[in-house]
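Read through the structure below, which is laid out as structure tokens, and then see the notes.
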């Protein structure tokens, strides 16, 4: 608890633990590059599926660093109204769309690198926290007052500060606070609208403060785009790339979680007996959920549809 408080992070396994901090240098004498980083320094299952998942997730995060540079360059513009700045914003949005497409390509590549069956049954069970669903066992932290107030869900891709930064920069309204078109569907309204904000509590404190800084921008990008029609096409292209990424994420989640939830653990799995019991419990509980404890398909589709609603009219 003391270490978690110092890091300003939830006292449970997080995306930062499994991906952002879970690597070593192949050759300490060489620079920090993706090729010189060995991921999965600490594994729970020892399975290739777990290591490769961390590896692919880290690759996606490193690609996303370009998006952070883009956000920084935008906020360092001397103004956003002269012709030079408008042209610069268009170029930044072109780069952002390309970066989002590169992230999608990285996610797509993981389908070749991570075996779905091994991922679901050998790696994923280790990530379930106390807050992973209404029927999850309650964890008691000895010596801690009210443990019900602790954030104890498992690691989730929803804890990626890169994706949160892109969402905030483009002003994706996950909480349905803005009146946008098309209107949210009934399924959208059933989703956990506070999920993304809650996932920020699982990030390192510095990452969370960075996201708060973006959200307090004195010149939010979307407002600038609304006032400058010539930028809208490039803004919409970035939104379209992000929507395609979320379409892909839905397909990948269906393959790795929803479909696999209807399979049986492989007989070689050392936790087969425990997992068979989990399988029976899952059948009673209903639809597959994410490690954050939410009905997965509803949550991901709501995120995709919120992205679609960010598109601005160009005429």
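Residue numbers (the working numbering): -5 to 309.
Using N, Cα and C, we set each Cβ at its ideal position, and we do this for glycine too.
Note that the structure is predicted; figures quoted are calculated from it, not measured.
**Nearest to residue 38 (by Cα), restricted to the options 18, 11, 19** = Taking the chain shown and counting its residues from 1, the one referred to as residue 38 is at position 44. Of 18, 11, 19, the residue nearest in Cα terms is 11.
**Message:** In the DSSP assignment, the alpha helix (DSSP H) including residue -4 goes from what residue to what residue?
**Reply:** As a first step, residue -4 is located in the chain shown; it is residue number 2 there, counting from the start. Run containing residue -4: -4 to 1, per the alpha helix (DSSP H) assignment.
**Item:** Reference residue 259; option with closest CA among 151, 112, 9, 149
**Value:** Start at 1 with the first residue of the chain shown, and residue 259 comes out as number 265. With distances taken between Cα atoms, residue 259 lies closest to 112.
**Item:** Local conformation of residue 116 per DSSP, three classes
**Value:** What you label residue 116 is simply residue 122 of the chain shown in a count that begins at 1. Helix, per DSSP.
**Message:** Short of 8 Å in beta carbon distance, which residues of its chain neighbour residue 35, apart from the five on each side in sequence? Order them along the chain.
**Reply:** Translated into positions along the chain shown, residue 35 becomes position 41. Closer than 8 Å at the Cβ level, and outside the excluded window around residue 35, lie 16, 17, 18.
**Request:** Please determine, among 52, 168, 88, 60, the residue with the shortest C-alpha to C-alpha distance to residue 103.
**Result:** As a working mapping, residue 103 is identified with position 109 in the chain shown. Nearest option by C-alpha distance: 52.
**Prompt:** Alpha carbon to alpha carbon, what distance is there between residue 120 and residue 177?
**Reply:** Numbered from 1 along the chain shown, position 183 holds the residue referred to as residue 177. Numbered from 1 along the chain shown, position 126 holds the residue referred to as residue 120. Taking the straight line from one Cα to the other gives about 38 Å.
**Prompt:** For residue 162, which three-state DSSP category applies?
**Reply:** Taking the first residue of the chain shown as 1, we reach residue 162 at position 168. Helix.
**Residues of its chain near residue 247, where Cβ-Cβ distance is below 7 Å and the 5 sequence neighbours each way are ignored** = One-based indexing of the chain shown puts residue 247 at position 253. Excluding residues within five positions, the ones whose Cβ falls inside 7 Å are 290, 294.
**Item:** Secondary structure of residue 210, DSSP reduced to three states
**Value:** Counting from 1 along the chain shown, the entry for residue 210 is found at position 216. Coil at residue 210, not helix or strand.
**Prompt:** Looking only at its own chain, which residues have a Cβ that is under 7 Å from the Cβ of residue 316, when we skip the five neighbours before and after it?
**Reply:** The question about residue 316 has no answer here: the residues shown for the chain are numbered -5 through 309.
**Item:** residue 297 to residue 161 span [Cα, whole Å]
**Value:** Counting from 1 along the chain shown, the entry for residue 297 is found at position 303. Counting from 1 along the chain shown, the entry for residue 161 is found at position 167. Rounded to the nearest angstrom, the two C-alpha atoms are 10 Å apart.
**Asked** At which residues does the alpha helix (DSSP H) containing residue 87 begin and terminate?
**Response** Translated into the one-based positions of the chain shown, residue 87 becomes position 93. Looking at the DSSP string, the run of the alpha helix (DSSP H) that includes residue 87 is 77 to 107.
**Request:** Could I get the ranges of all uninterrupted alpha helix (DSSP H) runs contained in the segment 0 to 85, with 4 residues as the minimum, in chain order?
**Result:** 42 to 69
**Asked** By how many angstroms is the C-alpha of residue 146 removed from the C-alpha of residue 101?
**Response** For the purposes of this step, residue 101 is identified with residue 107 of the chain shown, where counting begins at 1. For the purposes of this step, residue 146 is identified with residue 152 of the chain shown, where counting begins at 1. If I take the Cα positions, the gap works out to 26 Å.
**Prompt:** How is the alpha helix (DSSP H) around residue 292 delimited, first residue to last?
**Reply:** Taking the first residue of the chain shown as 1, we reach residue 292 at position 298. Per DSSP, residue 292 belongs to the alpha helix (DSSP H) from 290 to 302.
**residue 28 and residue 49 closer than 7 Å at C-beta** = Here residue 28 corresponds to residue number 34 of the chain shown, with the count starting at 1. Here residue 49 corresponds to residue number 55 of the chain shown, with the count starting at 1. No.
**Prompt:** Between which two residues does the alpha helix (DSSP H) containing residue 182 stretch?
**Reply:** Residue numbering aside, residue 182 sits at position 188 when the chain shown is read from its first letter. Residue 182 -> alpha helix (DSSP H) spans 180 to 184.
**Item:** Cβ-Cβ distance between residue 54 and residue 97 below 7 Å
**Value:** In the chain shown, the residue the question calls residue 54 occupies position 60. In the chain shown, the residue the question calls residue 97 occupies position 103. Contact: yes.
**Request:** Within the same chain, show all residues whose beta-carbon is closer than 7 Å to that of residue 154, passing over the 5 residues directly before and after it, in chain order.
**Result:** For the purposes of this step, residue 154 is taken as the residue at position 160 of the chain shown. Excluding sequence neighbours, residue 154 sits near 9, 55.
**Message:** Measuring only the C-alpha atoms, how far is residue 174 from residue 70?
**Reply:** For the purposes of this step, residue 174 is taken as residue 180 along the chain shown, with counting starting at 1. For the purposes of this step, residue 70 is taken as residue 76 along the chain shown, with counting starting at 1. Each residue's alpha carbon lies about 29 Å from the other.
**Prompt:** Taking DSSP as the reference, what is the three-state secondary structure of residue 136?
**Reply:** The count along the chain shown starts at 1 and reaches residue 136 at position 142. Coil, per DSSP.
**Request:** Could you check which residue in 252, 194, 20 has the C-alpha nearest to that of residue 3?
**Result:** Along the chain shown, one-based indexing puts residue 3 at 9. Checking every option, the nearest Cα to that of residue 3 belongs to 194.
**Asked** Can you tell me where the alpha helix (DSSP H) with residue 196 in it begins and where it stops?
**Response** For this step, residue 196 is matched to residue 202 along the chain shown. Neither: residue 196 is in no alpha helix (DSSP H) and is coded neither H nor E.
**Request:** Determine contact between the segment 39 to 47 and the segment 189 to 208, defined as no fewer than three beta-carbon pairs at a distance below 8 Å.
**Result:** No, the segment 39 to 47 does not touch the segment 189 to 208.
**Prompt:** For residue 209, which residues of its own chain have a beta-carbon under 7 Å away from its beta-carbon, when the five flanking residues on both sides are left out?
**Reply:** As a working note, residue 209 is residue 215 in the chain shown. Closer than 7 Å at Cβ, skipping near neighbours: 162.
**Message:** Let me confirm a value: residue 157 is counted as buried when at least 16 other C-beta atoms fall within 10 Å, else exposed. Which label applies?
**Reply:** For this step, residue 157 is matched to residue 163 along the chain shown. Burial call: buried.
**Request:** Note down the Cα distance separating residue 220 from residue 73, rounded to an integer number of angstroms.
**Result:** Here residue 220 refers to the residue found at position 226 when the chain shown is read from its first residue. Here residue 73 refers to the residue found at position 79 when the chain shown is read from its first residue. The straight-line gap from Cα to Cα measures roughly 16 Å.
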